[in-house]
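Here's the structure we're looking at; comments come further down.
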Amino acid sequence: MPVLASFLCGLIFGAGLLISGMTDPQKVLGFLDLFGAWDATLAFVMAGAVAVSATGFAIARRRTAPAFSARFLWPDRNDIDAPLVGGAVLFGIGWGLAGICPGPALVNLAGLSLPIVVFVVAMLAGMIGQNLFGKNPWRWRTLAPSAVETASLPSRADG
1 MPVLASFLCG LIFGAGLLIS GMTDPQKVLG FLDLFGAWDA TLAFVMAGAV AVSATGFAIA
61 RRRTAPAFSA RFLWPDRNDI DAPLVGGAVL FGIGWGLAGI CPGPALVNLA GLSLPIVVFV
121 VAMLAGMIGQ NLFGKNPWRW RTLAPSAVET ASLPSRADG
C-alpha cells in the first residue's frame with residue numbers, strides 16, 4: 001500500500017506541474033526575470049502548494065498514527081548549516097540557468113528532449129557523487145533515518 005500511495009502522490013504532483021505549466025522552462029525563467037517580462041504564475045502555484053501542504057501537515061499532526069506506515073517520521077533537525085546553504089545556492093543557480101528543477105525535469109523526460117535528458121543525467125550524477133564522496137553521505141541517512149517518534153511529539157488530538 002505505501003508504494004501505491006507514493007505512486008498516486010507522484011502522479012498528482014506531476015499532473016499539477018503539467019496543468020500549472022511549471023514543466024515549461026520559459027515559464028519559470030519568466031518568473032525569475034524580475035525587471036523584464038515578469039510572469040507571476042509561479043508565485044500563485046507556490047502559494048497554492050503551500051496552502052495544500054499546510055493543510056495536509058495540520059491534518060497529519062492531529063492523527064495518532066499515519067495511514068500507511070508504522071510511525072510518523074518527522075524531521076528532527078531545524079538548523080541551518082553550510083551544506084544546506086550550499087545546496088540551496090547550487091539548486092538556485094541551476095534553476096536560474098536551466099529554468100527547470102528535478103520534479104518538472106522528471107515529468108519532461110516523457111518527451112525525450114535531449115536537453116532534459118542531459119539535465120536529468122547530470123542531476124543523477126550529482127546525487128551519486130554526493131552519495132559517494134560527500135562529507136556526510138546521504139545514503140547513511142536514508143538507510144537509517146534519524147526521526148522523531150510519534151510518541152515524543154505532542155498531538156493536538158491528545159488535548
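The sequence shown lines up with residues 1 to 159 when you count with the UniProt record's numbering.
Using N, Cα and C, we set each Cβ at its ideal position, and we do this for glycine too.
This one's a predicted model, so the numbers in the text were calculated from it and none came from an experiment.
task = Determine the closest residue to Met127 out of Phe57, Leu109, Pro104 and Gly87, with distance taken between C-alpha atoms.
result = The candidate whose alpha carbon is nearest that of Met127 is Gly87.
Residue-chain proximity (Trp95, chain B), Cβ-Cβ < 9 Å = Here there is only one protein chain, and chain B is not present.
query = Below 9 Å between beta carbons: does that hold for Pro25 and Gly99?
reply = Yes, the pair counts as a contact, with Cβ atoms nearer than the cut-off.
Val28 classed as buried or exposed, judged by whether at least 16 other C-beta atoms fall within 10 angstroms = Answer is buried; the Cβ neighbour count reaches 16.
query = Would you call the segment 105–117 and the segment 43–54 touching, i.e. three or more CB-CB distances under 8 Å?
reply = The count of Cβ pairs closer than 8 Å, one atom from the segment 105–117 and one from the segment 43–54, stays below three, leaving the stretches out of contact.
key: Helix, strand or coil at Pro66 [DSSP, three-state]   = Coil.
key: Gly36 to Gly30 span [Cα, whole Å]   = If you draw a straight line from the Cα of Gly36 to the Cα of Gly30, it is about 8 Å long.
request  = Could you pull out every unbroken alpha helix (DSSP H) segment of at least 4 residues lying fully inside the segment 74–101, listed in chain order?
outcome  = Runs of the alpha helix (DSSP H) lying entirely within the segment 74–101, each at least 4 residues long, are 82–98 in chain order.
inquiry  = At the level of alpha carbons, what is the spacing between Ala40 and Ser20?
reply    = Near 12 Å, if we compare the C-alpha coordinates of Ser20 and Ala40.
inquiry  = Is the beta carbon of Val107 closer than 9 Å to that of Leu8?
reply    = No; because the gap between Cβ atoms is not below 9 Å, this pair is not in contact.
task = Tell me whether Phe7 sits in a helix, a strand or coil according to DSSP, three-state version.
result = Three-state DSSP puts Phe7 in a helix.
task = Using only alpha-carbon positions, find the residue among Asn131, Leu11 and Pro102 that is nearest to Val121.
result = Proximity to Val121 across Asn131, Leu11 and Pro102 peaks at Pro102, based on C-alpha coordinates.
task = Out of Gly14, Val118, Ala110 and Asp81, point me to the one whose CA is closest to Gly94's CA.
result = Ranking the options by Cα distance to Gly94, first place goes to Val118.
ask   = Can you name, in chain order, every residue of its own chain whose Cβ lies under 6 Å from the Cβ of Gly96, other than the five neighbours on each side?
value = Leu32.
ask   = Three-state secondary structure (DSSP) at Met1?
value = In this structure, Met1 counts as coil in the three-state DSSP scheme.
message = Determine whether the beta carbon atoms of Met123 and Ala105 lie at a separation below 9 Å.
response = Yes, the Cβ-Cβ distance between Met123 and Ala105 is below 9 Å.
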